[in-house]
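Residue numbers (my numbering): 4 to 200. All C-beta atoms in this analysis are idealised placements derived from N, C-alpha and C, irrespective of residue type, glycine included. Here is the structure we will look at.
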Amino acid sequence: KKILIYLLVFVLAILIFLWVWNLFVDELPEDEVNFGVTFSNVYAEELGLDWKETYIAILDDLGIKNIRIPAYWPQIEPEQGEYDFSNTDFQIEEAAKRDVQIILGVGQKLPRWPECFLPEWAKENPNKNDALLNYIEETVNRYKDVDQIVYWQVENEPFLVGFGVCPPFDKDFLDEEISLVRSLDDRPVLITDSGEL
Numbered sequence: 004k005k006i007l008i009y010l011l012v013f014v015l016a017i018l019i020f021l022w023v024w025n026l027f028v029d030e031l032p033e034d035e036v037n038f039g040v041t042f043s044n045v046y047a048e049e050l051g052l053d054w055k056e057t058y059i060a061i062l063d064d065l066g067i068k069n070i071r072i073p074a075y076w077p078q079i080e081p082e083q084g085e086y087d088f089s090n091t092d093f094q095i096e097e098a099a100k101r102d103v104q105i106i107l108g109v110g111q112k113l114p115r116w117p118e119c120f121l122p123e124w125a126k127e128n129p130n131k132n133d134a135l136l137n138y139i140e141e142t143v144n145r146y147k148d149v150d151q152i153v154y155w156q157v158e159n160e161p162f163l164v165g166f167g168v169c170p171p172f173d174k175d176f177l178d179e180e181i182s183l184v185r186s187l188d189d190r191p192v193l194i195t196d197s198g199e200l
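Here's what the structure looks like:
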């Protein structure tokens, strides 16, 4: 009986706390809430979809005005020093035609499984970090004149370690990535936190 009473008191205390918290927390005005979507052409292909058709449908049918596009390193630099921006170009051009605001994600850790995306040639490369910085520089320089890009996202949930197939996390190297992007363009840099934690 005592355990049940303690449990009920504990649950009631939590409910009262949440009710009081809700009274004092200001909600954002509706005009400050900006919902958007993340589109992953990699994941669309994994689902067996025509990713370009799916992307256009998301832009047109949903009428979204904010999108996050990951610039996947293995797609952009499949061979070291050989760049192919065609997938990212398509996504940015179609979003720009519709005046959609873009967050462009760069780095090795971007949305969707396996969380970290490295070209095969870079996985065992002792100069992987230099190569990663080169890809980021090439990508930012290519798109820094696109007005619809409102943020650069450097890495996705970088401090969420132990999840995904990723190299060991290095905060100092993350700082280098951020500094590089800031040196190339003055738009804000976005860093994401884990939604789960």
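{"Item": "Backbone secondary structure at LEU107 - three-state DSSP", "Value": "strand"}
{"Item": "GLN83 versus ALA125, LEU136, ASN132, PRO161, residue with shortest Cα-Cα distance", "Value": "ALA125"}
{"Item": "Contact the region 157-171 vs the region 103-111: 3+ CB pairs below 8 angstroms", "Value": "yes"}
{"Item": "Which of helix, strand or coil DSSP assigns to ARG236", "Value": "A query on residue 236 cannot be resolved here, the shown segment of the chain reaching from 4 to 200 and no further."}
{"Item": "Three-state secondary structure assigned by DSSP to VAL153", "Value": "strand"}
{"Item": "Completely contained alpha helix (DSSP H) runs for the region 37-121, where each covers 4 or more residues", "Value": "44-49, 54-65, 76-79, 89-100"}
{"Item": "DSSP state of LEU163 mapped onto helix, strand, coil", "Value": "coil"}
{"Item": "Residues of its chain near PRO122, where Cβ-Cβ distance is below 8 angstroms and the 5 sequence neighbours each way are ignored", "Value": "TRP76, PRO77, GLU80, PRO81, GLU82, GLN83"}
{"Item": "Residue closest to GLU48, alpha-carbon to alpha-carbon, out of ASN132, VAL153, ILE194, TRP116", "Value": "TRP116"}
{"Item": "VAL143 and VAL184 closer than 8 angstroms at C-beta", "Value": "yes"}
{"Item": "Residue from GLU118, ILE8, LYS55 whose Cα sits closest to the Cα of GLN94", "Value": "LYS55"}
{"Item": "Paired residues, beta bridge with VAL192 - DSSP", "Value": "TRP155"}
{"Item": "CB-CB length for LEU107 against TYR46, believed under 8 angstroms", "Value": "Incorrect: roughly 17 angstroms between the Cβ atoms, too far for contact."}
{"Item": "Rounded distance between the beta-carbons of ILE61 and PHE42, thought under 8 angstroms", "Value": "6 angstroms"}
{"Item": "Cβ neighbour criterion (16 or more within 10 Å) applied to ALA134", "Value": "buried"}
{"Item": "Status (buried if at least 16 other CB within 10 Å, exposed otherwise) for PHE120", "Value": "buried"}
{"Item": "Euclidean distance between Cα positions of PHE166 and LEU193", "Value": "20 angstroms"}
{"Item": "Closest by C-alpha distance to LYS174, when choosing among PRO191, SER186, ASN132, PHE38", "Value": "ASN132"}
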